[in-house]
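Shown next, in structure tokens, is the structure this report addresses.
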Amino acid sequence: MSDNQKAVTKFEMSSSHAIMPRIVIVLGMVATVVTILYFTPMPDHTFKSCDRPCHALDWPMICRIQLNVEMYQTMSGVCKDCPNNSSHCNNKYCASADGKTRGIITANRQIPGPDIQVCHNDIMVIDVINKIPGHNLAVHWRGQPQNEAPFMDGVPMITQCPILGYTKFQYRFRASSPGTHFYHAFSDSDRADGFFGALIVRQPDKLEPHRKLYDEDLKDHVILLSEWAGELTSDFSVQDDKPKSILINGKALSDIMSAVSIFKVNKGSRYRFRLAYTGGNFGCAMELSIEKHLMKIIAVDGKPVKPYEVSSITLNKGERVDFVLKADQEVRGYELRVTSKCRGYNVKGLALLNYESSLLINQKKDIIRNVEPRNFDTLTCSSEIGKVCVSDVMAFDKMPEELQEVNRRIYLNFDYVHVDKKEDTYVGWKDKKYRVNNISFTFPSSPILTQPEDVPLSTICNDLKIPKKCENEETCECVHVEHIPIGAKVELILFNAAADDQEFIFHLHGYHFHVVGSRHFEDSVTMDDIKNMDDKNELFKRNFNSPILKDTIRLPKNNALGVRFKADNPGFWILRDEKSGGYTRGMDVIFQVGSYKDMVSMPSGFPSCGSFVGPDFFLI
Ligand SMILES: *[C@@H]1O[C@H](CO)[C@@H](O)[C@H](O)[C@H]1NC(C)=O
Ligand SMILES: *[C@@H]1O[C@H](CO)[C@@H](O)[C@H](O)[C@H]1NC(C)=O
Ligand SMILES: *[C@@H]1O[C@H](CO)[C@@H](O)[C@H](O)[C@H]1NC(C)=O
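Taking full-length UniProt numbering, the leading residue of the sequence shown gets 1, the next gets one more, and so forth.
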């Protein structure tokens with residue numbers, strides 16, 4: 001054996017010696033991992049609350065929630081001695097409302113439906129089980145852009161088939177937009193009848209721009225307001241759809257009901273409250289104030305704003321406002337009042353702010369407030385003394401500079417015409433046909449996002465493509481789709497040209513927009529006048545200095561409004577007429593952003609639906 005060979009053998013021997021311990025170490029590690037995995041509980045598949053303090057380094061959680069949608073009743077048997085014994089009004093499954101019995105539509109037999117409180121980027125897995133025979137529905141997750149899953153936006157016949165009675169639809173989406181939001185049945189009347197709930201998306205303290213302004217952000221400090229009528233409003237035969245009172249978290253004061261919602265605070269702390277106006281049949285603006293307390297507004301529609309201190313807040317159906325309340329008054333109870341006046345009705349809501357105790361030991365004299373009342377109104381009014389409007393409030397983040405120029409401008413004229421009394425007024429509420437640019441919106445016969453091949457092209461329309469049947473008609477009923485190229489910088493000019501004093505509210509799905517301009521006209525003007533003024537740059541002076549970001553906006557009579565957004569979320573997004581009853585009254589518009597190849601495709605097995613016409617020679 002040569003020296004060389006010896007060296008090689010030695011080397012082989014020594015390496016084979018070293019392999020054994022390595023194998024042992026690797027096996028040991030594998031065994032450890034297997035043991036750990038074995039003893040780690042798998043996520044359970046039942047209802048699970050994702051409510052927890054949010055930390056930047058934590059993994060997102062999968063939140064499994066089940067919403068059983070049923071016809072139900074206020075003051076059902078489980079309410080026992082409510083309202084005589086007010087503790088019974090808090091019994092499980094007791095929807096007490098104003099203490100009067102009426103039909104309701106609920107998720108899990110409660111009003112509001114279960115709270116969904118999660119951390120930013122958690123994955124929602126929500127089973128909606130429709131237990132109402134003969135009634136179909138869909139659920140919209142307001143404030144969530146659904147970038148990854150546009151087919152989870154909950155718009156029937158646009159992003160999905162409505163959920164039929166006896167069937168289940170599982171919504172899956174990422175809670176990608178932090179803030180105060182809520183979920184609700186897409187249909188306005190179902191929403192007014194009780195199917196809504198909070199969707200609160202918290203983020204880690206480090207990322208929360210106004211975290212230093214408050215000490216507590218409690219689960220119970222969510223305030224959901226809704227108009228309350230005496231009867232089921234979904235019912236076509238409804239006689240009594242007028243608002244009777246205002247529910248605050250499902251409870252209202254009335255002649256027989258004294259059990260109202262209570263919010264607890266400790267003296268000396270600062271609390272973040274999350275306020276949302278979830279719905280109602282009339283959708284009139286509501287004003288909230290809290291006896292002897294000021295409110296510092298920190299976010300609107302889930303997006304942070306530069307803080308602003310006010311004594312009352314006026315908000316519209318669909319809007320959210322976060323405010324900070326400093327508990328600096330004498331230890332006792334205070335009234336939280338909500339009022340709403342419109343269309344001849346004047347309704348009130350009441351809840352209590354109760355001081356539990358004092359945290360301050362050497363309490364100096366109580367602060368005596370002597371400030372001018374100041375109201376925050378989510379209207380785009382021009383500033384006046386004692387009022388702060390959305391046009392006065394600045395977004396916390398700047399508007400992206402690129403949005404100072406736009407390359408797609410869409411003018412939308414909202415009005416209505418009276419339909420021929422003889423022909424079309426077979427029911428009272430059908431005597432007006434609402435329209436956008438003379439088009440009265442109707443839904444396609446299959447969801448346009450998920451079954452484009454089943455939507456007849458002839459039913460789709462816009463200003464440039466009016467179907468043949470509508471030539472020489474003053475109103476055209478069709479599926480109004482406006483196209484927006486992906487990445488376009490868009491400006492919408494909305495104008496309320498309604499003949500009476502009606503105010504409209506619009507909610508844009510898929511996006512938040514910057515409110516860059518508004519103008520009220522004293523005399524009636526037409527859309528042509530508005531376009532002419534805009535061409536000459538005289539419509540309004542646009543504000544690019546951190547204009548507020550919203551997803552819901554109120555449009556009073558004779559008002560023009562300019563809003564901007566970057567079309568970076570491909571899909572079919574509805575600009576929803578918040579005040580329509582049912583699915584639509586004709587004043588909605590769909591924005592198709594991008595082409596089908598830009599859109600995320602739906603998972604396999606996604607439900608489909610549509611019209612049926614048998615083959616030509618069937619049974620003939
Ligand atoms: C509550 O008390 C009143 C008067 O005592 C009575 O008429 C009513 O039936 C009671 N209500 C219930 C739900 O027990
Ligand atoms: C109300 O109901 C609770 C629970 O059933 C009971 O403990 C309490 O005594 C009742 N109060 C009155 C005033 O009847
Ligand atoms: C819309 O309808 C009105 C009549 O209601 C008509 O005067 C107007 O020219 C129409 N506009 C368009 C763009 O067709």
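Here a beta-carbon is modelled for each residue, glycine too, at the ideal position from N, C-alpha and C.
Neighbour-count burial assignment, residue i, 16 or more Cβ in a 10 Å radius
{"i": "Arg585", "result": "buried"}
{"i": "Ile256", "result": "exposed"}
{"i": "Ala18", "result": "exposed"}
{"i": "Lys468", "result": "exposed"}
{"i": "Pro615", "result": "exposed"}
{"i": "Val26", "result": "exposed"}
{"i": "Asn354", "result": "exposed"}
{"i": "Leu457", "result": "exposed"}
{"i": "Val33", "result": "exposed"}
{"i": "Ile313", "result": "buried"}
{"i": "Leu247", "result": "buried"}
{"i": "Ile23", "result": "exposed"}
{"i": "Tyr214", "result": "buried"}
{"i": "His45", "result": "Caution is warranted here: a pLDDT of 44 is assigned to His45, below 50, making its placement in the model unreliable, and the coordinate value is therefore given only provisionally. Classification of His45: exposed, given that the 10 Å Cβ count is below 16."}
{"i": "Lys541", "result": "exposed"}
{"i": "residue 621", "result": "Nothing can be reported for residue 621: it is not among the residues displayed for the chain, which extend from 1 to 620."}
{"i": "Glu491", "result": "buried"}
{"i": "Gly605", "result": "exposed"}
Opposing strand residues paired with residue i [DSSP bridges]
{"i": "Leu494", "result": "Leu412 and Leu561"}
{"i": "Leu225", "result": "Ile248 and Tyr277"}
{"i": "residue 624", "result": "In the structure as shown, the chain starts at 1 and stops at 620, and residue 624 therefore has no counterpart that could be examined."}
{"i": "Asp377", "result": "Thr314 and Cys389"}
{"i": "Thr339", "result": "Glu287 and Lys348"}
{"i": "Arg172", "result": "Val125"}
{"i": "Pro112", "result": "Pro112 is not bridged to any residue."}
{"i": "Ser518", "result": "Leu561"}
{"i": "Met295", "result": "Val310 and Leu325"}
Residue i, DSSP secondary structure in three states
{"i": "Thr425", "result": "The predicted position of Thr425 is uncertain, since its pLDDT is 48 and thus under 50; a value taken from the coordinates is nonetheless stated next. Note: Thr425 maps to coil in three-state DSSP."}
{"i": "Glu453", "result": "helix"}
{"i": "Ser601", "result": "coil"}
{"i": "Lys468", "result": "helix"}
{"i": "Cys79", "result": "helix"}
{"i": "Phe591", "result": "strand"}
{"i": "Arg191", "result": "helix"}
{"i": "Met157", "result": "coil"}
{"i": "Arg22", "result": "helix"}
{"i": "Phe504", "result": "strand"}
{"i": "Phe396", "result": "coil"}
{"i": "Lys536", "result": "coil"}
{"i": "Asn90", "result": "helix"}
Inter-residue spacing [alpha-carbon to alpha-carbon] between residue i and residue j
{"i": "Glu405", "j": "Lys489", "result": "7 Å"}
{"i": "Phe618", "j": "Lys597", "result": "37 Å"}
{"i": "residue 624", "j": "Gln110", "result": "One cannot answer for residue 624 here, as it falls past the ends of the chain, which runs 1 to 620."}
{"i": "Met286", "j": "Cys79", "result": "29 Å"}
{"i": "Gly28", "j": "Met20", "result": "12 Å"}
{"i": "Arg554", "j": "Phe612", "result": "40 Å"}
{"i": "Arg408", "j": "Val30", "result": "58 Å"}
{"i": "Pro547", "j": "Gln451", "result": "37 Å"}
{"i": "Lys550", "j": "Leu57", "result": "29 Å"}
{"i": "Met61", "j": "Ser391", "result": "38 Å"}
{"i": "Ala567", "j": "Pro485", "result": "7 Å"}
{"i": "Asn537", "j": "Ser440", "result": "30 Å"}
{"i": "Gln592", "j": "Glu482", "result": "6 Å"}
{"i": "Ser245", "j": "Leu164", "result": "31 Å"}
{"i": "Phe151", "j": "Trp573", "result": "10 Å"}
{"i": "Tyr277", "j": "Glu227", "result": "9 Å"}
{"i": "His55", "j": "Met394", "result": "28 Å"}
{"i": "Ser269", "j": "His221", "result": "13 Å"}
{"i": "Lys168", "j": "Gly113", "result": "17 Å"}
{"i": "Met157", "j": "Lys264", "result": "43 Å"}
{"i": "Gly318", "j": "Ser87", "result": "31 Å"}
Does the stretch 552-561 come within contact of the stretch 488-500, defined as at least 3 CB pairs closer than 8 Å?
Counting Cβ pairs under 8 Å, three or more are found: they touch.
For the pair the stretch 242-261 and the stretch 337-354, tell me if three or more CB-CB distances fall below 8 Å.
Result yes; three or more Cβ-Cβ pairs closer than 8 Å.
Okay, do the stretch 74-84 and the stretch 99-107 touch, 3+ Cβ pairs below 8 Å being the bar?
Put simply, the stretch 74-84 touches the stretch 99-107. At least three CB pairs are less than 8 Å apart.
For the stretch 166-186 against the stretch 122-141, do three or more pairs of beta-carbon atoms, one drawn from each stretch, fall closer than 8 Å, so that the two count as touching?
Here the stretch 166-186 makes contact with the stretch 122-141; the two share three or more CB pairs at distances below 8 Å.
Check whether the stretch 513-525 touches the stretch 382-399, taking contact to mean three or more Cβ pairs, one atom from each stretch, closer than 8 Å.
Yes, the stretch 513-525 is in contact with the stretch 382-399.
The stretch 179-196 touching the stretch 133-149, judged by at least three CB pairs closer than 8 Å:
A contact exists between the stretch 179-196 and the stretch 133-149.
Report yes or no: do three or more beta-carbon pairs, one from the stretch 372-383 and one from the stretch 298-312, lie closer than 8 Å?
Yes, they touch.
Can you confirm whether the stretch 203-210 touches the stretch 146-161 when touching is taken to mean that 3 or more C-beta pairs between the two stretches lie within less than 8 Å?
Short answer: they don't touch.
With contact counted as at least three CB pairs below 8 Å, one residue from each stretch, are the stretch 459-479 and the stretch 527-546 in contact?
The count of Cβ pairs closer than 8 Å, one atom from the stretch 459-479 and one from the stretch 527-546, stays below three, leaving the stretches out of contact.
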